[in-house]
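With the first letter of the sequence shown counted as 1, position 564 gets the number 553 in the numbering used here; the numbers rise by one all the way through.
No residue lacks a Cβ here, since even glycine has one placed at the ideal position from N, Cα and C.
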Amino acid sequence: MSGHLDKGGVLASSGAVQGMRLVRVADFSAPLSLSDADRPSYVRRFVTLFVSQGQAHRGGTGRVEHARNAQGEHLALKLLSLPHRRDGETEDDHERRMRASRSAFEREYECHILLSGLKGFPRLYGRGTVDGVPCIVMEWVEGITLDRVRRQLAVDGCGRVSPLVAARLGRDLFDLVARMGYVEGGFVHRDISPRNVMVRTSRLSLEQQVDEGVFDLYLIDFGSSAESELRSTSFTSENAVFRGATADFAPPEMLSDDIPGLAELRKSPAIDAYAAASVVYQLACGRVPYDLHAVGEDGAPVSPYRAKMAAPAPAAVMAHARADELLEALAREPEVAVAVQHAQDKLSAPMGVSEAAEALSFVDEQLGIVLGDCLARGQSDRPDAAAVRDALSSFSIHYADNVERSFCGRPLVPCVPGGFAASALDVADSTLAHVRMACKGVAAAALAGVAVSAAVLANGAQASLDAVGFAWSGGVPGAAVAVAALFPALVGLSLRFGGSRTIAGFLRGTAGLAVTFAALWQVLADMRFEAAAQQHLLSMALVAAAAAGWCIMVADFALNAALPQMIRRRALPSGVSDDSAVLPSVAAPVLASEAGNGEARQVCSLRAADGRNAGEPGVSADVQNPDRDDDSQPEYEIDDPAGGVSSAKARFAGGSEAADDDMSEGA
């Protein structure tokens, strides 16, 4: 039977629809409770489907096809890929693998039920069979995977995405991961990878979402998922038949079966935090954290587990790291280019390209710190998804401000105040942080020692004061001497108003300390002591106390702001004679209508040093159509390849392999 689309977009039974075939879903059941009156109409929506030819993608345990029902609704039909009988395999062994396949598919359906209805997860409509093969009917998500997104948004020849865009994608991805924690008992996906994360484009195009700074992400393929607290032990979990994880993105505990307490480890949400961070790492750095194709000293391949346990993940190297590619990168990230222009406007002289690359990389390091925490080898050392989401949100919000701060040599706004990435300055140079704390501790101890010593020596000393019509005589109280010694330092420290790491705060504190010290010095000069030596001792104590208090402010400012900035960038340029080494002025954004839709977009007219327009060319050909192994990422799973597709290339291999991640996908 064939059909056609009427004027209202509804499929009718008369006529033919080219490229579609009719599919009957038998034994259909809904994942929700329905009344007797509502059940027949609900079932009718999904028992007769028209499947599009050539839009099938393999995902986990089955093959996903694009379908429509009689009302014209777009649906995803996932059919179980039954294992083929192997050469020499007995009937009993083959039947056992068949049962395992069906059990795993059943488990995937049960896990999907838990998330159906949550934003960012395809809605589940029901299950049944097609010609005896189990199937799942769910929402069709029109969009592209992060694999394709990375290629489209790359800003350099290495396939790196702008750090700001990567952070925003990561923020929204970690929001999905955190949302899985809303499920009662917890939920773990266990195979988050670029192929299993989609940007839905049916409402806003990818370019519009980049401009908005918010992405409509969907997490798909629950063939490897599990509840954190299993209600019962399933056949799949007992035999690990379809436990899958893409090795490039999976944590070590998903890559070995020889770990104590493995069953509990694989129920932890820390698995998804590691995998999601690996995805963001690839977006920002153009490569996965670990090279799993490395060989050992004996020439034998190193197992993925050993590769990830041998050493921490390498530091993230992002798009702004290389000065010779900075201009081309900025030409493809207008928002960052505008931030650079605003930062340059605050400088008295143009900045060199190499210094600009260093300043931008200093800002990007905060993103690397967050990802590095997530890629910890031990689960207990990884932050939870909600904390990472908040960190990436803070990074994105303060990015432009931090670019200006870095260019002007000011401290950065921390990624997460008080969190695991509390201060990029302290983390950037822990040695200076320890020196600063030691200097402040010594100065504070000296201040307290001077105050106490002066109080003891002067307590009860006979003195008189006659100044400006005020007369006093008697014994000097020791407590008053201690307060007087501490007073200049206390005034100076309080006048900084929280700006201990800024020039303005340092100057305010110094001025307050100096004025207070001068006033007390004059009072001491007007006093008369029975023993002249006591006055000299108090004068020296006042000088020493003021110096100790000032040293605290110097340590706060010099060792936590000025010196780190000087080490990172010796001095702001006062003019560079070689024009090729000067960062060109970034033209203010202009509004240009996009052909076909009249939509306003920001463009950057930054020109490279050689005079050609770096904003005109798109992403280089090797990034647009990379000749890489990205589409054949290795996987760690025991699977029976259907249709001659090996398990190492099982992700979404199907009838249209060449355009697997260009097409819309279901779950």
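Where does lysine 67 fall in DSSP's three states? As a first step, residue 67 is located in the sequence shown; it is residue number 78 there, counting from the start. Three-state result, lysine 67: strand.
Using the Cα positions of leucine 356 and leucine 206, report the straight-line distance between them to the nearest angstrom. Sequence index remark: in the sequence shown, residue 356 carries index 367 (1-based). Sequence index remark: in the sequence shown, residue 206 carries index 217 (1-based). If I take the Cα positions, the gap works out to 20 Å.
Can you name, in chain order, every residue of its own chain whose Cβ lies under 8 Å from the Cβ of valine 277, other than the five neighbours on each side? Here residue 277 refers to the residue found at position 288 when the sequence shown is read from its first residue. Same-chain partners within the cutoff: Asp237, Phe238, Ser267, Tyr270, Gln271.
The beta strand (DSSP E) that contains glutamine 451, what's its start and end? Here residue 451 is taken as the residue at index 462 of the sequence shown, counted from 1. The continuous beta strand (DSSP E) containing glutamine 451 extends over residues 451 to 456.
In terms of residues, what are the limits of the beta strand (DSSP E) holding tryptophan 461? Walking along the sequence shown from the start, residue 461 turns up at place 472. Residues 459 to 464.
Bridge partners of serine 41, per DSSP? Start at 1 with the first residue of the sequence shown, and residue 41 comes out as number 52. In DSSP, serine 41 forms a bridge with Met9.
Can you tell me whether aspartate 362 is buried or exposed, with buried defined as 16 or more other CB within 10 angstroms of its CB? Reading the sequence shown from its first residue, position 373 is the one you call residue 362. So aspartate 362 ends up on the buried side.
Using the DSSP secondary-structure output, state which residues sit across from leucine 113 in a beta bridge. Numbered from its first residue, the sequence shown carries residue 113 at position 124. The partner list for leucine 113 (beta bridge, DSSP) reads Met127.
Given a cut-off of 8 Å on the beta-carbon distance, is the pair arginine 168 and glycine 109 in contact? To locate residue 168, count along the sequence shown from 1; it is residue 179. To locate residue 109, count along the sequence shown from 1; it is residue 120. Their beta carbons are under 8 Å apart, which means arginine 168 touches glycine 109 by this criterion.
Once DSSP output is grouped into helix, strand and coil, what is the label at serine 18? Translated into positions along the sequence shown, residue 18 becomes position 29. Strand, per DSSP.
Residue nearest to aspartate 180 in terms of C-alpha spacing, selected from Trp539, Ala259, Cys404, Val36: Your numbering for residue 180 matches position 191 in the sequence shown. Comparing Cα-Cα distances from aspartate 180 to each of Trp539, Ala259, Cys404, Val36, the minimum goes to Ala259.
Where DSSP assigns a beta bridge to histidine 46, which residues make up the other side? What you label residue 46 is simply residue 57 of the sequence shown in a count that begins at 1. Partner(s): Val53.
Quick one: what's got a C-beta closer than 7 Å to threonine 499's C-beta in the same chain, skipping five residues either side? Along the sequence shown, one-based indexing puts residue 499 at 510. Closer than 7 Å at the Cβ level, and outside the excluded window around threonine 499, lie Gly481, Trp539, Met542.
Nearest CA to the CA of cysteine 274: which residue from Gln42, Asp373, Ala310, Val465? Reading the sequence shown from its first residue, position 285 is the one you call residue 274. Residue Ala310 is the option with its Cα nearest to cysteine 274.
Exposed or buried, which one is tyrosine 114 when buried takes at least 16 other CB atoms within 10 Å? The residue given as residue 114 occupies position 125 in the sequence shown. Buried.
Given a cut-off of 8 Å on the beta-carbon distance, is the pair leucine 64 and valine 12 in contact? Stepping through the sequence shown from its first residue, residue 64 is reached at position 75. Stepping through the sequence shown from its first residue, residue 12 is reached at position 23. Contact: no.
Can you tell me whether threonine 79 is buried or exposed? The criterion is at least 16 other CB atoms within 10 Å of its CB, across all chains shown. Stepping through the sequence shown from its first residue, residue 79 is reached at position 90. A residue is called buried once 16 or more other Cβ atoms fall within 10 Å of its Cβ, and threonine 79, having fewer, is exposed.
Are the segment 246 to 253 and the segment 153 to 172 touching by the rule of at least three beta carbon pairs closer than 8 Å? Three or more Cβ pairs closer than 8 Å define a contact, and the segment 246 to 253 falls short of that threshold against the segment 153 to 172.
Validate contact between the segment 293 to 305 and the segment 321 to 337 using beta carbons, cut 8 Å, 3 pairs: Because the criterion of three Cβ pairs below 8 Å is not met, the segment 293 to 305 and the segment 321 to 337 do not touch.
Taking the alpha helix (DSSP H) that methionine 529 falls in, what are its first and last residues? Counted from its first residue, the sequence shown places residue 529 at position 540. 521 to 546 is the extent of the alpha helix (DSSP H) around methionine 529.
Could you give the C-beta distance for alanine 534 and leucine 475, rounded to a whole number, given that I count them as a contact under 8 Å? Reading the sequence shown from its first residue, position 545 is the one you call residue 534. Reading the sequence shown from its first residue, position 486 is the one you call residue 475. In this structure, alanine 534 and leucine 475 form a Cβ contact; the two beta carbons are roughly 7 Å apart against a cut-off of 8 Å.
From what residue to what residue does the alpha helix (DSSP H) around serine 175 run? As a working note, residue 175 is residue 186 in the sequence shown. A small fix is needed here, since residue 175 is glycine in this sequence, not serine. No alpha helix (DSSP H) holds glycine 175; DSSP gives it neither H nor E.
Report the option in Ala456, Phe39, Ala469, Leu71 whose CA atom is closest to the CA atom of serine 90. Looking up residue 90 in the sequence shown gives position 101. Closest option to serine 90, Cα to Cα, is Leu71.
Can you round the beta-carbon distance between phenylalanine 94 and glycine 51 to whole angstroms, since I take them to be within the 8 Å contact cut? Taking the first residue of the sequence shown as position 1, residue 94 is located at position 105. Taking the first residue of the sequence shown as position 1, residue 51 is located at position 62. Glycine 51 and phenylalanine 94 do touch by the CB rule: their CB atoms are close to 7 Å apart, below 8 Å.
Alpha carbon to alpha carbon, what distance is there between valine 154 and glutamine 197? Translated into positions along the sequence shown, residue 197 becomes position 208. Translated into positions along the sequence shown, residue 154 becomes position 165. Distance between the alpha carbons of glutamine 197 and valine 154 is about 13 Å.
Where does the unbroken alpha helix (DSSP H) through tyrosine 270 begin, and where does it stop? Here residue 270 refers to the residue found at position 281 when the sequence shown is read from its first residue. Counting along the chain, the alpha helix (DSSP H) containing tyrosine 270 begins and ends at 259 to 274.
Using the Cα positions of arginine 425 and proline 477, report the straight-line distance between them to the nearest angstrom. In the sequence shown, the residue the question calls residue 425 occupies position 436. In the sequence shown, the residue the question calls residue 477 occupies position 488. Straight-line measurement puts the Cα of proline 477 at about 21 Å from the Cα of arginine 425.
With DSSP as the reference, label threonine 79 as helix, strand or coil. The sequence position of residue 79 within the sequence shown is 90, counting from 1. When DSSP states are grouped into helix, strand and coil, threonine 79 belongs to the coil group.
Taking the continuous beta strand (DSSP E) assigned at arginine 517, which residues delimit it? Along the sequence shown, one-based indexing puts residue 517 at 528. For arginine 517, the enclosing beta strand (DSSP E) stretches over residues 516 to 518.
Alpha helix (DSSP H) runs contained entirely in the segment 333 to 376, provided each spans 4 or more residues: Counting whole runs of 4 or more residues, the segment 333 to 376 contains the alpha helix (DSSP H) stretches 342 to 363.
Cβ neighbours of valine 186 in the same chain (closer than 7 Å, five flanking residues each side left out): Locating residue 186 in the sequence shown gives position 197, where the first residue counts as 1. Same-chain partners within the cutoff: Thr134, Leu135, Leu162, Leu206, Leu208, Val268.
Leaving out five residues before and five after proline 290 in sequence, what residues of the same chain have Cβ atoms less than 7 Å from its Cβ? Counting from 1 along the sequence shown, the entry for residue 290 is found at position 301. Result list for proline 290: Val284, in chain order.
Taking tryptophan 345 as the reference, give the member of Gly449, Glu322, Val392 with the closest Cα. Reading the sequence shown from its first residue, position 356 is the one you call residue 345. First, the residue type needs correcting, since residue 345 is alanine and not tryptophan in the sequence shown. Of the listed residues, the one whose Cα sits closest to alanine 345 is Val392.
Determine whether the beta carbon atoms of arginine 157 and serine 385 lie at a separation below 8 Å. Looking up residue 157 in the sequence shown gives position 168. Looking up residue 385 in the sequence shown gives position 396. Yes, the Cβ-Cβ distance between arginine 157 and serine 385 is below 8 Å.
Any contact between the segment 363 to 381 and the segment 137 to 151? By contact I mean 3 or more CB pairs, one from each, below 8 Å. Result no; under three Cβ-Cβ pairs closer than 8 Å.
Mapping DSSP to helix, strand and coil, what is alanine 235? Counting from 1 along the sequence shown, the entry for residue 235 is found at position 246. According to the sequence displayed, residue 235 carries threonine and not alanine. DSSP places threonine 235 in strand when its eight states are reduced to three.
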